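**Student:** Taken in sequence, the protein lines are chains U and W. Numbered per this note's numbering, the first sequence spans residues 1456 to 1864. Numbered per this note's numbering, the second sequence spans residues 12 to 292. Where a beta carbon is used, it is the ideal one built from N, C-alpha and C, also for glycine. Here the structure is a predicted model, which means the values were calculated and not measured. This is the structure, below, for whatever I ask next.
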Amino acid sequence: MSDKLAPDPRLLVRERGLAGYVEDFRRRIAGGELGSIPVIIGMIIIAVVFEAQTGTFLSPRNLSNITVYIAGPGIMAVGIVLVLLLGEIDLSVGSMAGLSAAIWAVLSVSHGVNDLVAIGLAILAGAAVGTLHGFFFAKIGVPAFVVTLAGFLGWSGLQIWVMGDEGTINIPRDSLVRDFNNFYFSDIAAAYGLAAALSLGYLAALVFQERRRGAAGLPTRPLSEIILRVGLVAVAAFVTAYTLNQHRGLPLALVIFLAILLLADFMVRRTTYGRQIFAVGGNAEAARRAGINVERVRLTVFTIASALAALGGLFYAAQAGGASKSLGSGNLLMNVIAAAVIGGTSLFGGRGWVWSALLGTLVIQSITTGLNLMGMASEIQYMITGAVLLVAVVLDSVSRRTQRTAGRT
Amino acid sequence: MTAAPVLALHGVSKRFGAVQALTDVDLEIRAGHVTALVGDNGAGKSTLIKTIAGVHPIDSGRITWKGQEVRIVKPHDAQELGIATVYQDLALCDNLDVVANLFLGRELRTAHILDQVAMEREARELLDTLSIRIPSVRIPVASLSGGQRQVVAIARALVGSPEVVILDEPTAALGVEQTAQVLDLVERLRDRGLGVVLISHNVADVRAVADDVAVLRLGRNNGVFRAAETSGEEIIAAITGATDNAVTRRSSRRERPRDAEPEQNTEPEQNTDAQGAEEEA
Ligand SMILES: Nc1ncnc2c1ncn2[C@@H]1O[C@H](COP(=O)(O)OP(=O)(O)O)[C@@H](O)[C@H]1O
């Protein structure tokens, strides 16, 4: 690799034009950076197969439902992505989701606490639980998977205790949490407006960034690339908006999920804190020597992950129609972790991106929904989801190995 | 040798439990000078640079920085003075790109938001002035070769504009081509007026770039040589103790028999050699 220097050693982004893209693409593949290519191919296959089998998979109604169903697991998966970036795992998010729903339901429904306050307290409970996990992991040095395994059991015990005599608590008609599942911005301007805002926002961010780079004398992306990127985002956004408007409009759940994704992505890629998460996940010792407070980063990431699990749990409860003693105890945990990995975030730490929470939950929810439409039993769904996770993990491991060897020339 | 040293150690000693790792060690580091620190395994090289870097505070002796006595008891003290250390295990984050590694722990930012553009511009300027050639500053460090990684690790030490740079075995794991790359960089550091301490096992490397060669043996000074005027054999002889340098031999006659006793356990062979040499002399 050292011999094959580009003509200009300071070359940054890539050669201009199409050749540059091909070269960049080839280098990434050779270097083991598969990124989200497998998941996008997978999604196309899923869509084609299920549409051929059922004829209703691509209907606006079904697609719209999928965007609502992914919100709960997706928000939880954002937290898992952060934990995976650290090179750790959190096995307690499913129990935490159930506990959070129980806390909210008992406070709001049984004790008549203000809905927003109850939601806030449930999320706060999540943050407290995460801080506790983080404390044992980061300060005491107990492996994260053991701490959160204990949490997995302990918090679902607490969930049952909180629920008390009630087997399930149904969500009342006027509850805010019900809106997490049922509220749609039915004015078609809402979905289109959001699509336009996302596309224009992305365009503005890219143009602003390239201006600054140009002003600083750094190589910039060619205009063609900016147009291509913004074009792809705009097409995806407007097709989605159109589809949603064919059904009931823009779901509140999707808006909240997107807001969390955008925020988390900004935090991870643009802030010092995000940089610290990557550094700790890549090489904790190097991070420590660079003066990064490794314990603090670890602790806070677990706090955020559990708080997101608590919020996700409320969406999950909204879909289930209420809180129960067993909410979140099924395959939720596995699905959430699988989503993060399928979306392209490495299990080995330091590699990944927040949007894998969206891509991964889309894949898993599409499979679940498609199999449901086909009338497949849940045991088949489990096996297929398991197989997809295995494929994702194998890809992750193989790409990690190629990345290692690619460096040694 | 005429300029006053930037950093000087006088009679530094360091003990770990029963092991007297350093005894009365002197060392002088000058601006625009490469001082090689050589010695056999266990001679105390790592311990010595860790005392300078603030990892292990000294037990006794004095450290002066530009003539002023200073205390270095934690890594931060060393950084404040302008001493940067590049450890053998590099301490890079493989998953981060070159720019991110260069600025790790001291990112340029407004509030908490990274200033990627400024960091990239400064990274390029730094790499340019050092004539460092890497395919792109935006690829993960994992995909660089061993030599390139070493060069990045050294460049990283320069981000804080230090005056003294300590390199711990920078060429240990590298091939011929890559070693040349790193040694070229060491020369450029010297040309920029930095004081460089180069720890090495490899006498050829040392003779290629060092101005002075300080030899440590069993935790003591065993002579300082002008690299240009000294043959490889003489340096090796000083390292192994086959022929002790005249000055240290005189002093060791007085001190060694008693002090060297505990070290005899850890390094029986070499001690026997040394005693043999002394008896011959
Ligand atoms: N942290 C430590 N604790 C105890 N003994 C140490 C420690 N560091 C170094 N030593 C001892 O100090 C002596 C010098 O070691 P070192 O400085 O690593 O030598 P070198 O780097 O020249 O190989 C050795 O006998 C080693 O065992």
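Cutting at 8 angstroms between CB atoms, please list the residues of its own chain near His21(W), excluding the five before and the five after it.
**Tutor:** Within the second sequence, the letter at position 10 stands for residue 21(W). So the qualifying residues of the chain are Asp37, Gly72, Arg73, Ile74, Thr75.
**Student:** Closer than 8 angstroms, CB to CB, is Asn106(W) near chain U or not?
**Tutor:** To locate residue 106(W), count along the second sequence from 1; it is residue 95. Chain U, which has a Cβ nearer than 8 angstroms to the Cβ of Asn106(W), makes this yes.
**Student:** Out of Val1752(U), Ala1765(U), Ile1819(U), which has the shortest C-alpha to C-alpha gap to Ile1574(U)?
**Tutor:** If you number the first sequence from 1, residue 1574(U) lands on position 119. Checked all of Val1752(U), Ala1765(U), Ile1819(U); the closest Cα to Ile1574(U) is Ala1765(U).
**Student:** Which of the three DSSP states is assigned to Phe1638(U) in this structure?
**Tutor:** Here the question's residue 1638(U) lines up with position 183 in the first sequence. Of the three classes helix, strand and coil, the one that applies to Phe1638(U) here is coil, per DSSP.
**Student:** What is the DSSP secondary structure of Gly1669(U), counted as helix, strand or coil?
**Tutor:** Here residue 1669(U) is taken as the residue at index 214 of the first sequence, counted from 1. Correct three-state label for Gly1669(U): helix.
**Student:** Exposed or buried, what is Trp1616(U) when buried is set at 16 or more other beta-carbons lying within 10 Å of its beta-carbon?
**Tutor:** On the first sequence, position 161 is the one that residue 1616(U) refers to. Under this definition Trp1616(U) is an exposed residue.
**Student:** Please confirm if the segment 1726–1736 of chain U is in contact with the segment 1538–1555 of chain U, defined as three or more CB-CB distances below 8 angstroms between the two stretches.
**Tutor:** yes
**Student:** Ser1779(U) and Thr1623(U) look like a contact to me (Cβ under 8 angstroms); what is the Cβ gap, rounded to whole Å?
**Tutor:** Numbered from its first residue, the first sequence carries residue 1779(U) at position 324. Numbered from its first residue, the first sequence carries residue 1623(U) at position 168. Between Thr1623(U) and Ser1779(U) the Cβ distance is about 4 angstroms, and since that is below 8 angstroms, they are a contact.
**Student:** Need the endpoints of the alpha helix (DSSP H) that Trp1559(U) sits in, please.
**Tutor:** Position 104 of the first sequence, counted from the first residue, corresponds to residue 1559(U). First-last of the alpha helix (DSSP H) with Trp1559(U): 1548–1560.
**Student:** Note down, in chain order, each residue of its chain lying with its Cβ closer than 6 angstroms to the Cβ of Leu1513(U), except the 5 sequence neighbours on either side.
**Tutor:** Mapped onto the first sequence, residue 1513(U) falls at position 58. Closer than 6 angstroms at the Cβ level, and outside the excluded window around Leu1513(U), lie Glu1506.
**Student:** Among Val1853(U), Phe1600(U), Leu1716(U), which one has its Cα closest to the Cα of Met1531(U)?
**Tutor:** For this step, residue 1531(U) is matched to residue 76 along the first sequence. Nearest of Val1853(U), Phe1600(U), Leu1716(U) to Met1531(U), Cα basis: Leu1716(U).
**Student:** Using beta-carbon positions only, say whether Gln161(W) and Val193(W) come within less than 8 angstroms of one another.
**Tutor:** In the second sequence, the residue the question calls residue 161(W) occupies position 150. In the second sequence, the residue the question calls residue 193(W) occupies position 182. Contact: yes.
**Student:** Under 8 angstroms, Cβ to Cβ, is there at least one residue of chain U near Leu18(W)?
**Tutor:** The sequence position of residue 18(W) within the second sequence is 7, counting from 1. Chain U places no beta carbon closer than 8 angstroms to that of Leu18(W), leaving this residue out of the contacts.
**Student:** Under a three-way DSSP split, which group does Arg260(W) fall into?
**Tutor:** Along the second sequence, read from residue 1 onward, the residue named residue 260(W) stands at position 249. Residue confidence is low: Arg260(W) scores 45 on pLDDT, short of 50, so the model does not pin down where it sits. Its coordinate-derived value is still stated next. It is helical.
**Student:** Counting only the same chain and skipping the five closest in sequence on each side, list residues whose C-beta sits under 7 angstroms from that of Leu1788(U).
**Tutor:** Translated into positions along the first sequence, residue 1788(U) becomes position 333. For Leu1788(U), where only same-chain residues beyond five positions count, the Cβ hits under 7 angstroms are Leu1546, Val1548, Gly1549.
**Student:** Alpha carbon to alpha carbon, how far is Met130(W) from Leu115(W)? Give it in angstroms, no decimals.
**Tutor:** Within the second sequence, the letter at position 104 stands for residue 115(W). Within the second sequence, the letter at position 119 stands for residue 130(W). Between Leu115(W) and Met130(W), the C-alpha separation is close to 11 angstroms.
**Student:** Compute every distance between the C-beta of Lys56(W) and the non-hydrogen atoms of ligand 1, then say whether any falls below 7 angstroms.
**Tutor:** For the purposes of this step, residue 56(W) is identified with residue 45 of the second sequence, where counting begins at 1. Yes, the beta carbon of Lys56(W) sits closer than 7 angstroms to at least one heavy atom of ligand 1.
**Student:** By a C-beta neighbour count over all protein chains shown, 10 Å radius and 16 as the cutoff for buried, is Ala1847(U) buried or exposed?
**Tutor:** Translated into the one-based positions of the first sequence, residue 1847(U) becomes position 392. Label assigned to Ala1847(U): buried.
**Student:** DSSP three-state label for His294(W), please.
**Tutor:** Nothing about residue 294(W) can be reported from this structure: the residues present for chain W run from 12 to 292 only.
**Student:** Taking the alpha helix (DSSP H) that Gln159(W) belongs to, which residues open and close that run?
**Tutor:** Numbered from its first residue, the second sequence carries residue 159(W) at position 148. Residues 157–169.
**Student:** In the DSSP assignment, what residue or residues form a beta bridge with Gln79(W)?
**Tutor:** In the second sequence, counting from the first residue as 1, residue 79(W) sits at position 68. Gln79(W) is bridged to Trp76(W).
**Student:** Alpha carbon to alpha carbon, how far is Cys104(W) from Arg1744(U)? Give it in angstroms, no decimals.
**Tutor:** What you label residue 1744(U) is simply residue 289 of the first sequence in a count that begins at 1. What you label residue 104(W) is simply residue 93 of the second sequence in a count that begins at 1. One C-alpha to the other measures close to 11 angstroms.
**Student:** Going by DSSP in three states, Ala15(W) sits in which element: helix, strand or coil?
**Tutor:** On the second sequence, residue 15(W) is found 4 positions in, with the first residue counted as 1. In this structure, Ala15(W) counts as coil in the three-state DSSP scheme.
**Student:** Relative to chain W, which residues along the segment 1510–1534 of chain U have a C-beta separation below 8 angstroms, given in chain order?
**Tutor:** none
**Student:** Identify the continuous alpha helix (DSSP H) that holds Thr1816(U) and give its terminal residues.
**Tutor:** Along the first sequence, one-based indexing puts residue 1816(U) at 361. Where Thr1816(U) is concerned, the enclosing alpha helix (DSSP H) stretches over 1811–1828.
**Student:** May I have the straight-line CA-CA distance separating Leu1518(U) from Ile1643(U), to the nearest angstrom?
**Tutor:** In the first sequence, counting from the first residue as 1, residue 1518(U) sits at position 63. In the first sequence, counting from the first residue as 1, residue 1643(U) sits at position 188. Approximately 16 angstroms, taken between the alpha carbons.
**Student:** Return the CA-CA distance between Gly65(W) and Ala1651(U), expressed in angstroms with no decimal places.
**Tutor:** Stepping through the second sequence from its first residue, residue 65(W) is reached at position 54. Stepping through the first sequence from its first residue, residue 1651(U) is reached at position 196. One C-alpha to the other measures close to 56 angstroms.
**Student:** Sort out for me which residues DSSP pairs Ile307(W) with in a bridge.
**Tutor:** Given that chain W is displayed from residue 12 to residue 292, the structure contains no residue 307(W) and the question cannot be resolved.
**Student:** Is any heavy atom in ligand 1 found nearer than 7 angstroms to the beta carbon of Phe1480(U)?
**Tutor:** Walking along the first sequence from the start, residue 1480(U) turns up at place 25. The nearest non-hydrogen atom of ligand 1 is 7 angstroms or more from the C-beta of Phe1480(U).
**Student:** With a threshold of 8 angstroms on Cβ separation, who are the neighbours of Ile1819(U) within its own chain once the five nearest residues in sequence on each side are excluded?
**Tutor:** By 1-based counting over the first sequence, the position of residue 1819(U) is 364. Correct list, in chain order: Pro1528, Asn1790, Ala1793, Ala1794, Ile1797, Thr1840, Val1843.
**Student:** Does the segment 122–140 of chain W touch the segment 1716–1732 of chain U, meaning 3 or more C-beta pairs lie closer than 8 angstroms?
**Tutor:** Taking 8 angstroms as the limit for Cβ pairs, the verdict is that the segment 122–140 of chain W does touch the segment 1716–1732 of chain U.
**Student:** For Ser334(W), which three-state DSSP category applies?
**Tutor:** For residue 334(W) there is no data in the structure shown, the boundaries of chain W being 12 and 292.
**Student:** Of all the CB atoms in chain W, is at least one closer than 8 angstroms to the CB of Gly1589(U)?
**Tutor:** Counted from its first residue, the first sequence places residue 1589(U) at position 134. False, the Cβ-Cβ gap to chain W never drops below 8 angstroms.
**Student:** Taking all protein chains shown into account, do 16 or more other C-beta atoms lie within 10 angstroms of the C-beta of Phe1399(U), making it buried, or fewer, making it exposed?
**Tutor:** Outside the shown range of chain U (1456 to 1864) lies residue 1399(U), about which nothing can therefore be said.
**Student:** Would a C-beta distance cut-off of 8 angstroms place Leu3(W) and Val176(W) closer than the cut-off?
**Tutor:** The displayed coordinates of chain W run from 12 to 292. Any statement about residue 3(W) would go beyond what the structure contains.
**Student:** Identify whether Leu1683(U) lies in helix, strand or coil by the three-state DSSP scheme.
**Tutor:** In the first sequence, the residue the question calls residue 1683(U) occupies position 228. Correct three-state label for Leu1683(U): helix.
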